[in-house]
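According to the UniProt record's numbering, numbering within the sequence shown proceeds without interruption in unit steps and concludes at 225.
A short worksheet on the structure shown next.
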Amino acid sequence: MAAEIESMSKSVQELAIDGKESLEKYIQKGTDSGKLNTSVPLIEVPIVDIGLLKSPLTRTEELHKLRSALSSWGCFQVINHGMTSSFLEEMRQVATQFFSLPMEEKQKYSRKTGSIEGYGNDMVLLEHQILDWTDRLYLTLNPENQRQLRFWPENPQTFRVVTNTERERMSIAVFCIPDSEKEIKPADGLIDETRPRLYKTVKDYVSFYFEYYQQGKRTIEAAII
């Protein structure tokens with residue numbers, strides 16, 4: 001990952017409350033990034049039923065839905081995943097409690113320069129980098145021997161986005177990340193003279209992802225040979 005050139009002095013939450021500082025570095029200019037193409041009709045997000053994936057009778061059809069969702073959308077909604085509504089609601093409540101704590105308390109868990117783990121906002125890798133309007137608490141859950149408990153607050157974790165002056169949006173995101181030593185590459189059986197290799201081998205995917213994400217680039221595009 002490229003070296004971080006600076007850390008943000010104030011959180012997005014502080015900037016939103018203060019309302020006096022320039023937000024220039026959060027504004028996208030001269031790019032289509034983030035713009036909604038209104039000519040594309042709105043369609044429903046694909047739904048994948050984990051319960052159906054477990055059954056031999058329904059697995060094949062549901063796997064086709066999963067493949068279609070990944071190849072056409074890149075995301076999907078999961079149902080019957082085993083997490084109860086009460087558990088998810090409890091996660092939201094604890095997350096809201098953490099981000100409602102005084103700034104001094106949250107800053108006890110601040111990430112270190114050059115690291116994504118802990119409380120804070122975007123890593124600044126470029127001089128004119130456009131930043132996300134978001135504060136995060138990034139924690140490694142598994143494997144357990146990689147947990148950095150000094151970043152785990154007594155009031156648990158979340159991601160928070162302030163979308164406008166009247167309403168706050170809070171999201172809890174869970175990522176499944178490959179081991180940093182694992183190589184990710186096209187399967188050998190898919191490559192031949194008629195279908196040459198288009199993507200390079202990637203190691204330490206999470207660092208690769210965040211480096212290009214902070215530059216406003218899609219990771220898949222950065223992996224093109």
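We put the CB at the ideal spot given by N, CA and C, even for glycine.
All of these numbers come straight from a predicted model, not from anything done at the bench.
Is residue i helix, strand or coil by DSSP?
| i | result |
| --- | --- |
| ASP204 | coil |
| THR165 | Residue confidence is low: THR165 scores 48 on pLDDT, short of 50, so the model does not pin down where it sits. Its coordinate-derived value is still stated next. THR165 falls in the coil class under three-state DSSP. |
| LEU190 | helix |
| LEU198 | coil |
| LEU66 | helix |
| ARG136 | strand |
| ILE225 | coil |
| SER110 | strand |
| ASP18 | helix |
| GLN148 | coil |
| GLU127 | coil |
| SER55 | coil |
| LEU23 | coil |
| THR84 | coil |
| PHE159 | Because PHE159 sits at a pLDDT of 43, beneath the cut-off of 50, its placement in the model cannot be relied upon, and the point is left open. |
| ILE177 | coil |
| ILE220 | helix |
| GLN215 | coil |
| SER71 | helix |
Indicate whether residue i and residue j have their beta-carbon atoms separated by less than 7 Å.
| i | j | result |
| --- | --- | --- |
| GLN77 | ILE50 | no |
| TYR209 | THR219 | yes |
| TYR109 | PRO153 | yes |
| LYS182 | THR201 | no |
| LEU52 | GLU44 | no |
| ASN121 | ASP135 | yes |
| THR140 | ARG150 | no |
| TYR119 | LEU137 | yes |
| TYR213 | ALA222 | no |
Which partner residues of residue i appear in the DSSP bridge assignment?
| i | result |
| --- | --- |
| VAL94 | In the DSSP output, where bridge partners are listed per residue, VAL94 has none listed. |
| VAL48 | VAL78 |
| GLY120 | ARG136 |
| ILE184 | VAL202 |
Inter-stretch contact (C-beta, 8 Å, three-pair minimum) for the stretch 88-97 and the stretch 114-121: With a cut-off of 8 Å on Cβ pairs, the stretch 88-97 is not in contact with the stretch 114-121, counting fewer than three such pairs.
Cβ contact (3+ pairs, closer than 8 Å) linking the stretch 131-140 and the stretch 8-26: With a cut-off of 8 Å, the stretch 8-26 and the stretch 131-140 count as touching, because enough Cβ pairs lie within range.
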